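The structure appears right after this line, and notes come after that.
Residue numbers (the working numbering): 1 to 66.
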């Protein structure tokens, strides 16, 4: 779990993995990221968020610092 105020996106190259999230503006529930930009432009709604996947997958999360 990573503590951030705002995230700007998350990416995975595993197009078969299904993702579920907590504390994101646009929640995920067993969603496949079918393209590289599918997880872009989302935001944390609390001081932390979580992403889980089935099967487990590597995810790149990025944040823009102002």
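All C-beta atoms, glycine included, are put in the ideal place defined by N, C-alpha and C.
Quick caveat: nothing in here was measured; it's all calculated off a predicted structure.
{"Asked": "Per-residue DSSP class, three states only, for residue 26", "Found": "coil"}
{"Asked": "Given residue 24 as reference, the closest of 11, 64 and 51 once Cα atoms are compared", "Found": "51"}
{"Asked": "Closest by C-alpha distance to residue 35, when choosing among 16, 21 and 45", "Found": "16"}
{"Asked": "Neighbourhood of residue 54 by C-beta distance below 6 angstroms, restricted to the same chain and skipping five residues each side", "Found": "18"}
{"Asked": "CB contact flag (residue 60, residue 26, <9 angstroms)", "Found": "no"}
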